[in-house]
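S.K.:
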Amino acid sequence: MMEASTTWAEEAFGAAALGDVRRTARLVQLAAALGAQPQAALPQATKEPALHKAACRFFSSHSVQAEALLASHVQSTQRRMQNVPSVLAVQDTSVLD
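Count the sequence shown with the working numbering and you get residues 13 to 109, in order.
(1) For residue 43, does the three-state DSSP call read helix, strand or coil?
(2) Quick one: give me the first and last residue of the alpha helix (DSSP H) that residue 86 is part of.
(3) So, for residue 117: in the same chain, excluding its five sequence neighbours on each side, which residues have a beta-carbon less than 6 Å away from its beta-carbon?
(4) Measuring CB to CB, does residue 30 end up less than 8 Å from residue 72?
(5) Is the distance from the Cβ of residue 8 to the Cβ of residue 39 below 8 Å?
(6) Leaving out the 5 sequence neighbours to the left and right, which residues in its chain are closer than 6 Å to residue 84 when beta-carbon positions are compared?
(7) DSSP three-state label for residue 103, please.
Printed below as a string of structure tokens:
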């Protein structure tokens with residue numbers, strides 16, 4: 013059984029067109045790890061040295077384009093929004109001094 017974070021990551025990024033299914037699978041894995049600890053830096057979120065090294069290679073690859081990552085996520089978000097009558101896009105612009 014998949015964890016909730018993996019399910020979310022698969023839904024959001026599983027359709028990313030990165031030219032190789034292994035890159036897409038790596039993206040889903042990294043999204044799940046980063047989503048589980050959004051406040052953590054990459055080394056802390058990936059936990060294992062091998063996954064951290066894979067993440068660094070992934071993000072430095074010329075085959076990984078931000079537009080492809082975002083397109084998959086946008087499509088997933090649009091599909092989810094179709095199932096609800098209203099969507100609130102709340103933004104907090106307050107500043108603490």
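Beta carbons: idealized from backbone N, C-alpha and C, even for Gly.
M.R.: On the basis of the supplied data:
(1) DSSP places residue 43 in helix when its eight states are reduced to three.
(2) Start and end: 78-93.
(3) One cannot answer for residue 117 here, as it falls past the ends of the chain, which runs 13 to 109.
(4) Not in contact: residue 30 and residue 72 (Cβ atoms no closer than 8 Å).
(5) There is no way to answer for residue 8, as the model of the chain reaches only from 13 to 109.
(6) For residue 84, same chain residues with a beta-carbon under 6 Å away, outside a window of 5 residues either side, are 25, 27, 28 in chain order.
(7) The DSSP-derived three-state label of residue 103 is coil.
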